[in-house]
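Just so you know, the sequence shown maps onto residues 1 to 262 in full-length UniProt numbering.
A virtual CB, placed ideally from N, CA and C, is assigned to each residue, including glycine.
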Amino acid sequence: MNRLETGILTVLWHHILHRIHGSSQVLQSSSQDLNTAVAIYQSRLEFIRKMRTRFEEFEAKGKELSECENYTEEVRRIRQRSRRCDEPGTAPELSELPQSPADKFRTRTFLVIVVSLDAALQKRLDAYKDIATKFGLLRDLKDLPDDQVIKNADSLQKAYPTDLEDSLPDELVHFSSFLNTEFAAKALSVTVPTAISAANSTTQTTTKEADGVAVITRDESDDEVRLNVKSLELRMYKVLVDNNMETLFPNTFTAFCSYHYL
Numbered sequence: 001m002n003r004l005e006t007g008i009l010t011v012l013w014h015h016i017l018h019r020i021h022g023s024s025q026v027l028q029s030s031s032q033d034l035n036t037a038v039a040i041y042q043s044r045l046e047f048i049r050k051m052r053t054r055f056e057e058f059e060a061k062g063k064e065l066s067e068c069e070n071y072t073e074e075v076r077r078i079r080q081r082s083r084r085c086d087e088p089g090t091a092p093e094l095s096e097l098p099q100s101p102a103d104k105f106r107t108r109t110f111l112v113i114v115v116s117l118d119a120a121l122q123k124r125l126d127a128y129k130d131i132a133t134k135f136g137l138l139r140d141l142k143d144l145p146d147d148q149v150i151k152n153a154d155s156l157q158k159a160y161p162t163d164l165e166d167s168l169p170d171e172l173v174h175f176s177s178f179l180n181t182e183f184a185a186k187a188l189s190v191t192v193p194t195a196i197s198a199a200n201s202t203t204q205t206t207t208k209e210a211d212g213v214a215v216i217t218r219d220e221s222d223d224e225v226r227l228n229v230k231s232l233e234l235r236m237y238k239v240l241v242d243n244n245m246e247t248l249f250p251n252t253f254t255a256f257c258s259y260h261y262l
């Protein structure tokens with residue numbers, strides 16, 4: 001590696017791929033929920049956008065890695081158009097401004113990469129947000145008034161007419177009432193591990209009740225830390241299945257299945 005440009009790009013992609021790999025592992029978890037996925041994509045997008053102002057940092061690290069202080073190309077001059085105010089019909093004059101190799105590399109390569117990633121992640125985030133909006137009523141189901149449940153359920157059914165029947169609004173109103181029973185409340189109020197202690201070789205955990213909790217576990221055999229999410233939607237689905245209510249709430253069951261497999 002004997003080029004400064006190569007060193008900068010190596011450092012840049014190391015930072016990007018390290019973060020993307022970490023968040024992708026969480027997103028690919030079979031128990032991950034859509035709301036957390038949206039939050040992860042939002043944080044990933046913000047991380048990429050903040051890189052726009054970090055060029056000097058990556059340049060310094062690139063110099064250290066490549067052991068090169070200078071860019072390959074010499075200073076390049078660009079032409080900037082200007083127009084005389086008193087001659088609106090005349091051809092524009094051309095003035096020349098110097099552009100250093102660092103500026104050229106920053107604007108032509110570094111920022112192009114960051115902006116392209118920004119656009120791709122924004123597109124992916126918008127898709128996740130759209131789905132999360134459609135299925136958002138599931139998380140708030142037991143707290144929404146009936147008229148809002150009916151309105152949101154009707155919109156969800158129209159978005160997936162081949163999978164969900166028009167009886168979905170009535171089903172969800174019924175299921176909402178079930179979720180507010182004492183039996184369902186106890187089933188949803190589970191305790192889950194929320195923290196670990198790495199001070200010794202054995203895993204120690206604490207527990208608490210929550211609607212959506214990040215659960216951290218450590219595998220003693222390979223010393224690997226894993227992140228798991230016990231979402232409220234997943235627990236609602238589990239209550240439905242564990243009590244054999246798929247035939248009572250067939251469209252509700254389908255909606256939860258669709259949500260978890262998206």
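Out of 171, 38, 172, 138, the CA that lies nearest to the CA of residue 127 is found in 38. Burial of residue 33 is indicated by the presence of at least 16 other C-beta atoms within 10 angstroms of its C-beta. In the three-state scheme derived from DSSP, where H, G and I count as helix and E and B as strand, residue 99 is classed as strand. Taken in chain order, the complete alpha helix (DSSP H) segments of 4 residues or longer contained in the stretch 103–149 are 111–139. Residue 261 places its beta carbon 8 Å or farther from that of residue 233.
Contact between the stretch 54–64 and the stretch 16–24 is absent, with fewer than three C-beta pairs closer than 8 Å.
Cβ-Cβ distances below 6 Å link residue 175 to 249, 252 in the same chain, with the five nearest sequence neighbours on each side left out; the list follows chain order.
Taken through DSSP and simplified to helix, strand or coil, residue 19 comes out as helix. Look at the beta carbons and you see the stretch 37–57 touching the stretch 102–122: at least three pairs across the two are nearer than 8 Å. In the three-state scheme derived from DSSP, where H, G and I count as helix and E and B as strand, residue 49 is classed as helix. For residue 71, there is no enclosing alpha helix (DSSP H), since its DSSP letter is neither H nor E. The three-state reading of DSSP puts residue 44 in helix, counting H, G and I together. The Cβ atoms of residue 164 and residue 42 lie no closer than 8 Å to each other. Residues of the same chain with a CB within less than 7 Å of the CB of residue 139, apart from the 5 flanking positions on each side, are 35, 232, 233 in chain order. Counting of Cβ neighbours within 10 angstroms places residue 25 among the exposed residues, the total staying below 16.
Taken atom to atom, the span from the alpha-carbon of residue 246 to that of residue 167 is near 14 Å. In this structure, the alpha-carbon of residue 123 lies about 42 Å from that of residue 182. Here the alpha carbon of residue 57 sits roughly 14 Å from the alpha carbon of residue 69. The continuous stretches of alpha helix (DSSP H) do not include residue 160, and DSSP gives it neither H nor E.
Annotation: residue 59 to residue 255 spans about 49 Å, alpha carbon to alpha carbon.
The C-alpha of residue 27 lies about 8 Å from the C-alpha of residue 40. For residue 29, the three-state secondary structure derived from DSSP is coil. Separation of residue 117 and residue 48 (C-alpha to C-alpha, rounded to the nearest whole angstrom) is 7 Å.
Within the same chain, Cβ atoms closer than 8 Å to the Cβ of residue 45 are found at 118, 121, 122, 125, the five residues on either side in sequence being excluded.
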